[in-house]
Structure formats: structure tokens, C-alpha cells
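Notes for the one structure printed next.
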């Protein structure tokens, strides 16, 4: 009975990690790759650690597994947010099929702060100057 | 088929193929931020591989390595994003 539970949990975990790696290879631009990988990889590693916690009848392994899972759940969204912010500042293009870029013109490039009032948005964005890519090859 | 063979012949090959797929993105990634998240994902998958290897070899101390790797992955991504944001493109 325990074996069946462990097999199911580890299968779901390994497949989640596999889909995360397929996503980082196949998704069309950086932001989509980021949004796929962070969540799926955290889920997969968490399920594999849960397998280890069930299998070992030992309090130290359970504590370490819970610690790693908690640490990943706390830190990976922060890391993803910071790297996406840095990518947007350095001008990483969005996919060419992107419908709307709500951050366009909202970031102050000098002070690196976010202007949160949509009324003060600078309206000097034309299809030539925005960050949405014009061809597939820019983001591939 | 018992659980040990299942871990050896199904779970670990899937994780190995995943690392190879992410490594393709690490090599070809058009920008440096793509490489940063690819490296982060490789370390995260490494934590999973260490966990499966812990289960198969019954060596409980290997989980300590996984804790340190999780810490290093987070600090590396934060440091990379800090310096990428501060860099001067002139």
C-alpha cells in the first residue's frame, strides 16, 4: 500500500519536473519560460521530498524534507520576481503574439521605481519602440 | 516490479532527460537571463535527483547537500539579477 502511494507521488513529481524542462525549451519568450518553470519545478521537487519523508521512518529526514520544501516555496517566487524585473529593465523582448504590455512606460528607467498611477503613463509608445518583439527570431 | 526498480528505471531517467533538455536552453539561450533561469532550474532538478538517490542508497546525510544547494541556487539567482539590473549598457 505504501509502495503504491510512493509510486504515484514520485511519478507525479518526476512528470512535473519533466514538463518544466519541456516548457523552458519550447516556450516562445523569456517571461513564459519563467512562469512555466518556477511553479512546476517547485511542485515536482516537493513531491519527491515528500516521498523521501514517507519512506524513511526517521524524524531527521522528515524535518530536512519539510525544511527544503518550505525554503523552495519561500524563495523561488522571490528569485523569479527579481530576475523578471531585471530582464524587463534590460529590454528583454516579449513574444510577438503578446496582446498588451501593461508595464510599458510605467517603470522609471532612472530611479528604477514603478509609477503606479495609470494617468501619468507616458503615451509615447509606438509599435516601433515597445518591448514586444516583431519577429519570432528575437525571442527564440 | 518493485519500488526500487521503479525508481531506478523510470524516475531517474526522466530526471536525467529533463536536465539534458534544460542544458540545451542553457547553451543556446538568446539572452543572459535565459541562462540564469536555466541554471536555477538545473540546480532545482539536482535537488530532486539527490532526493531520489537518497531514497535508493539509504544515505540520509545526502539531504544536507540538497539543503545547501537550495540555498546556493537562491543566492545565485538573486546576485545575478542584482548585477544584471545594475549593469551599464553604454
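Residue numbers (my numbering), protein chains in the order written: chain A, 13 to 152; chain B, 5 to 94.
From the three backbone atoms N, C-alpha and C, an ideal C-beta is built for every residue, glycine too.
Strictly below 9 Å CB to CB, what residues from chain B border residue i?
i, result
"residue 102/A", "35, 36, 37, 88, 89, 91 and 93"
Give the residues of chain A in contact with residue i, contact being defined as C-beta atoms less than 9 Å apart.
i, result
"residue 57/B", "Per Cβ cutoff of 9 Å: no residues; residue 57/B is ~10 Å from chain A at best."
"residue 43/B", "Simply none; closest approach about 11 Å."
"residue 26/B", "32, 33, 36, 37 and 49"
By the criterion of Cβ-Cβ separation under 7 Å, what are the contact partners of residue i in chain A?
i, result
"residue 171/B", "Past the edges of chain B, shown from 5 to 94, lies residue 171/B, and the structure says nothing about it."
"residue 4/B", "Because residue 4/B is not part of the residues shown, which for chain B are 5 to 94, the question remains open."
In chain A, which residues lie less than 8 Å from residue i when you measure between Cβ atoms?
i, result
"residue 7/B", "15, 18 and 19"
I want to see whether chain A comes within less than 8 Å of residue i, judged by CB atoms only; does it?
i, result
"residue 29/B", "yes"
"residue 61/B", "no"
"residue 20/B", "no"
"residue 69/B", "no"
"residue 51/B", "yes"
So, is the C-beta of residue i closer than 8 Å to a C-beta in chain B?
i, result
"residue 30/A", "yes"
"residue 74/A", "no"
"residue 121/A", "no"
"residue 145/A", "no"
"residue 79/A", "yes"
"residue 108/A", "no"
"residue 60/A", "yes"
Within the same chain, show all residues whose beta-carbon is closer than 6 Å to that of residue i, passing over the 5 residues directly before and after it, in chain order.
i, result
"residue 47/B", "73 and 77"
"residue 59/A", "21, 24 and 25"
I want to verify the contact list: residues of chain B whose CB lies under 7 Å from the CB of residue i, in sequence order.
i, result
"residue 99/A", "37"
"residue 87/A", "78"
"residue 70/A", "64"
Who pairs with residue i in a beta bridge, going by DSSP?
i, result
"residue 144/A", "106/A"
"residue 119/A", "126/A"
Skipping 5 residues on each side, what residues in its chain have a beta carbon closer than 7 Å to that of residue i?
i, result
"residue 29/B", "38 and 42"
"residue 81/B", "40 and 44"
| said: If contact is defined by three or more beta carbon pairs under 8 Å, each pair taking one atom from either stretch, is the segment 70-80 of chain A in contact with the segment 67-82 of chain B? | reply: yes
| Contact between the segment 32-51 of chain A and the segment 50-60 of chain B (3+ Cβ pairs under 8 Å) | no
| said: Between the segment 45-55 of chain A and the segment 26-33 of chain A, can you find at least three pairs of beta-carbon atoms closer than 8 Å? | reply: Look at the beta carbons and you see the segment 26-33 of chain A touching the segment 45-55 of chain A: at least three pairs across the two are nearer than 8 Å.
| query | Does the segment 90-107 of chain A come within contact of the segment 145-152 of chain A, defined as at least 3 CB pairs closer than 8 Å? | reply | yes
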